[in-house]
Structure formats: C-alpha cells, structure tokens
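Just so we're aligned, residue 1 is where the sequence shown starts under full-length UniProt numbering, counting upward by one.
Backbone N, C-alpha and C define an ideal beta-carbon position, used for all residues, glycine too.
Shown next, in structure tokens, is the structure this report addresses.
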Amino acid sequence: MLIEFSVANYRSFRDKVTFSMVASSLKAKKAELNETNLFSAHGRLKLLTSAAIYGANASGKSNLIAAMNFMRHFVIHSANIREEEDQSEIDVEPFRLSTESDSEPSFFEIVFVVKEQRFRYGFEVTAERVEAEWLYVAPKAKESRLFGREEGMSKPGGKFKAEGGDLIERTRPNALFLSVCAQFNGRIASEVLGWFRSLGITTGLMDLDRGMRRVTERMFREEDSARVIENLLTHMDLGIDAIHLERVVVPTPSLPPLPDDAPEELRKLYDEVQRVQSAVASVQKAVRELTDSDSIEREVVRTVHRKVGRENQPDVEELFDLDGHESEGTKKLFSLSGPLVGTLRRGDVLIIDELDARLHPLLTREIVSLFNDPARNSKHAQLVFATQDTNLLDNQLLRRDQIWFVEKDLHGASYLYSLAEFKVRNDATYEKDYIHGRYGAIPFLGEMRHVLQD
C-alpha cells in the first residue's frame with residue numbers, strides 16, 4: 001500500500017514535492033465516497049483507493065511518474081551491475097534550469113505498508129554515487145531506524161543487523177545498500193524489494209504497449225486469469241465475443257531476385273538487406289537447434305467477432321488479428337487488462353501515465369470506478385494516474401483529496417498540490433472551475449490566432 005512519495009531535484013522538480021495517498025478529514029458531497037474511496041491501513045491510517053494527477057502539457061505530470069519509476073528501477077537493479085561496470089554512472093536527471101541544482105544530489109523517498117508494517121525508505125544520488133540512504137520501520141506508531149548511510153555507511157541497527165552487518169564493504173558507491181542486502185537474501189530487504197517489484201508503473205504509451213502487454217499475454221496463458229481478462233474486455237462494448245492466443249510459425253525471410261537493370265543505388269541497398277536477412281536466418285537456425293524444433297513460433301492475439309447471417313442473426317465466428325485489425329483503444333485496453341486484473345487481485349499499486357489516451361471517457365471512468373468499489377477491490381488495491389480527462393473531475397466520483405495538480409513556475413520548476421488545499425465547497429463543479437483556471441495547472445495560451453496572422 002502506498003502512503004506517500006517525495007522527490008526533489010529530478011527532471012522538472014527542483015524543490016521537494018510530496019504526493020500523498022493519505023485521506024484528509026474533508027468530507028465528500030456524495031457521502032458514499034467517504035466509505036468506498038478510502039480504507040483503513042496500519043492502525044488508524046486512512047488511505048485512498050485512487051488519485052488523479054492533472055496539469056497542462058509539459059507541466060511535469062509525466063516527470064512525477066518517471067521519478068517513481070526511476071526509484072523502482074534503481075532499487076531493483078542497482079546491485080546487479082557487473083564488476084566491469086563498477087564505475088558506470090547512475091542514470092539520474094537533476095533539474096537543469098538552475099546552476100545550483102546541477103551539482104546537488106537528487107532526492108527520492110517513499111512511505112508504504114507491507115505485511116502490516118510501515119516502511120520509510122529513501123536515498124540521495126548523483127550520477128557518480130549514492131550520497132545518502134535510509135530505511136525506517138514502524139511496526140506500530142513509533143518509527144525506528146534500520147540503517148542509515150551518509151558519507152559512508154553507518155552500521156545497521158535493530159532487526160537489520162543480522163542481514164546487513166557483513167555487507168557494508170560489499171556495497172559499491174553507485175549501488176544501494178538495500179539492493180545488496182536483498183541480493184544476499186536478507187529477510188527485511190527482500191520484503192521491501194518485493195514491494196517495489198509488485199509496484200506496476202507505465203510511463204507512457206510505448207511502455208504500456210510493450211511492458212504491460214507482455215504481462216497480459218503471460219496472464220492469458222493461465223486459464224483462470226484468461227477468463228477474468230476476457231470477461232472484462234467483452235463487457236467494455238468493443239464488439240468482441242472472445243479472445244484467443246494462437247501460435248504461428250515465423251517465416252524465414254526471403255527477398256525477390258533483383259532485376260538485371262537495377263540501378264547501382266538499389267543494388268547497394270539490396271546487398272545491405274541481404275546481409276541483414278542472412279543474420280536473421282542465422283539467429284533463427286540457432287534458436288531451432290537450441291529448441292530442437294523444425295520451426296520458430298510466436299504468439300499472436302486473435303479477437304473473436306460474430307458474423308451475421310440471414311435476418312442479422314449471429315452465425316459463425318470471425319477471427320481478427322488484434323494488431324492488424326483492432327483500434328488503438330482496443331489494443332490499449334488489452335494491454336491494460338492484465339495489470340488491472342492482477343493489481344485488483346493482489347491488492348497492489350498501479351501507476352499509469354496518460355490513462356485516458358486512446359480511451360473513451362466512459363471507459364476511463366469505469367476503470368477508476370473499479371478501484372473505488374469495495375466489492376470489486378476487496379484487497380485495497382490503489383490506482384494513481386495522470387490524465388487530461390476533465391470528465392473525471394466530478395464530485396460524484398472523486399473526493400477533493402484524490403485530485404492533484406502539477407504546474408510550472410516562471411523558472412521552469414514543477415510543483416505539486418492537491419485540490420484539498422483549496423477552500424472549495426464539496427459541491428463545487430470541479431471540472432468547470434478547473435477549465436476556468438480557478439485551480440491553476442492549465443496552459444496559458446494567449447491570443448493564438450494572432451500568431452498565425454501574416
């Protein structure tokens with residue numbers, strides 16, 4: 001369960017900002033939201049089931065999610081750098097529009113609950129090294145330090161002594177101590193790393209198309225998961241009756257012969273393509289030998305539609321190729337369906353950039369509603385998403401503390417704030433007020449028609 005995330009000096013965020021999933025004491029106009037859109041965790045703590053992040057283009061919404069993704073990736077992979085890469089730079093991006101921030105470390109901190117314990121973990125990094133790192137745990141109310149690292153490594157304390165005491169010298173300057181301890185199967189470190197692994201993040205449409213789709217296809221091979229995913233998609237009015245995964249043979253590439261009178265430029269290009277084709281054929285041959293198979297196969301996703309007969313009665317099935325025949329929105333929904341189902345089943349956290357892209361507003365609303373419905377979200381999964389869909393700014397769907405805004409100042413630095421910080425009535429028309437600029441975080445367009453005049 002995610003409690004809060006803080007970042008500073010990363011991409012467009014110069015100063016420290018904190019995104020929180022802690023429910024405020026404010027009451028929603030629709031009283032039901034005070035029950036359905038939050039849940040109890042770790043004692044008296046109340047956490048939100050979903051949160052939306054709004055802002056103009058280039059305001060920093062995607063950078064906030066990118067910061068979460070950087071932290072996740074660095075925690076999981078920093079200990080995996082090979083010896084020959086010991087001096088490799090950390091792929092962190094400090095705020096670039098200030099001479100002061102260039103040489104300062106970037107700051108990341110996250111607070112979360114795993115196995116009924118609250119952890120606070122963070123670090124400060126430059127491209128060269130980890131400058132600081134800390135881990136605290138609060139089994140109940142009081143927080144205690146498990147380890148701290150600042151200009152060197154202080155000894156682990158409390159329950160962390162047994163798993164981290166001998167690993168201080170093994171931790172490279174450009175690696176996280178937590179990651180090293182998890183690599184050596186430390187119990188607490190492994191639990192924390194496991195939480196980061198369960199954190200689902202998509203940072204854009206390309207990431208969604210590749211990473212999330214692989215998750216969906218993997219889940220679709222499991223009969224139980226496939227049935228749930230199929231039910232979800234067939235109830236979204238896509239005209240799809242069923243979905244199949246099929247294995248097809250990958251053909252060996254071949255080129256047609258080149259005409260004798262082909263120009264020299266075309267012949268050179270043809271030779272280049274032949275070299276690539278030869279390399280591909282060699283790889284395919286190696287794969288066939290390794291797998292002891294006569295052919296190479298890949299999986300394709302087929303959607304099932306109904307072909308009608310006389311008097312428009314459904315007659316026979318017609319198979320469509322998902323990639324070749326379905327819309328971009330349908331492909332996105334397929335990619336999203338696996339992570340959505342898995343997150344709700346396990347009670348994990350899912351963070352999506354540009355949730356509304358390619359989707360009808362009613363579909364986006366339905367996805368958000370899945371997380372705000374205790375009957376369908378019994379494990380208290382959480383959804384965080386960046387969006388431009390103002391239809392979701394609705395006091396019948398979201399509480400004020402579930403709505404966040406990102407805006408840039410005159411110096412190009414992003415800052416983050418919640419609608420709960422405004423003195424706004426709970427029956428206000430959030431969408432109308434936002435479009436009219438009452439909450440900021442909208443583009444200032446000026447008189448664009450004058451720009452296009454001669």
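Euclidean distance between Cα positions of residue i and residue j
{"i": "Leu238", "j": "His244", "result": "15 Å"}
{"i": "Gln284", "j": "Arg187", "result": "42 Å"}
{"i": "Asp353", "j": "Ala52", "result": "10 Å"}
{"i": "Ala138", "j": "Gly122", "result": "15 Å"}
{"i": "Glu247", "j": "Val301", "result": "Glu is not the amino acid found at residue 247; the sequence shown has Arg there. Those two C-alpha atoms are separated by around 9 Å."}
{"i": "Val316", "j": "His305", "result": "9 Å"}
{"i": "Gln313", "j": "Tyr270", "result": "51 Å"}
{"i": "Pro256", "j": "Ala279", "result": "17 Å"}
{"i": "Gly60", "j": "Ala189", "result": "31 Å"}
Three-way DSSP call (helix, strand, coil) for residue i in this model
{"i": "Thr203", "result": "coil"}
{"i": "Glu299", "result": "strand"}
{"i": "Glu272", "result": "helix"}
{"i": "Val424", "result": "coil"}
{"i": "Thr429", "result": "coil"}
{"i": "Asp285", "result": "The sequence shown places Lys at residue 285, rather than the Asp named in the question. Three-state DSSP puts Lys285 in a helix."}
{"i": "Ile229", "result": "helix"}
{"i": "Ala8", "result": "strand"}
{"i": "Thr99", "result": "coil"}
{"i": "Lys29", "result": "coil"}
{"i": "Arg247", "result": "strand"}
{"i": "Glu163", "result": "helix"}
{"i": "Ile3", "result": "strand"}
Host alpha helix (DSSP H) of residue i (start-end)
{"i": "Lys331", "result": "Glu328 to Arg346"}
{"i": "Arg221", "result": "Note, Arg221: premise wrong, no alpha helix (DSSP H); not H, not E."}
{"i": "Glu366", "result": "Pro361 to Phe371"}
Range of the contiguous beta strand (DSSP E) that encloses residue i
{"i": "Tyr439", "result": "Run containing Tyr439: none; DSSP gives neither H nor E here."}
{"i": "Val125", "result": "Gln117 to Val125"}
{"i": "Glu133", "result": "Val130 to Ala138"}
{"i": "Ile65", "result": "It is not in any beta strand (DSSP E) - Ile65 instead sits in the alpha helix (DSSP H) that spans Lys61 to His77."}
{"i": "Arg149", "result": "Ser144 to Glu150"}
{"i": "Thr171", "result": "Per DSSP, Thr171 belongs to no beta strand (DSSP E) and is neither H nor E."}
Residue i and residue j closer than 8 Å at C-beta
{"i": "Val17", "j": "Leu410", "result": "no"}
{"i": "Arg365", "j": "Leu340", "result": "no"}
{"i": "Ile229", "j": "Met219", "result": "yes"}
{"i": "Leu232", "j": "Ser337", "result": "yes"}
{"i": "Tyr54", "j": "Trp404", "result": "yes"}
{"i": "Val406", "j": "Ser414", "result": "yes"}
{"i": "Phe119", "j": "Tyr136", "result": "yes"}
{"i": "Ile90", "j": "Phe5", "result": "no"}
{"i": "Phe147", "j": "Phe177", "result": "yes"}
{"i": "Asp401", "j": "Ser24", "result": "yes"}
Cross-strand partners of residue i (DSSP beta bridge)
{"i": "residue 458", "result": "A query on residue 458 cannot be resolved here, the shown segment of the chain reaching from 1 to 454 and no further."}
{"i": "Ala242", "result": "Val304"}
{"i": "Lys379", "result": "DSSP, once it has assigned bridges, lists no residue as partnering Lys379."}
{"i": "Trp404", "result": "Ile53 and Ser418"}
{"i": "Ile351", "result": "Ile201 and Val384"}
{"i": "Ala41", "result": "Leu45"}
{"i": "Val113", "result": "Arg118"}
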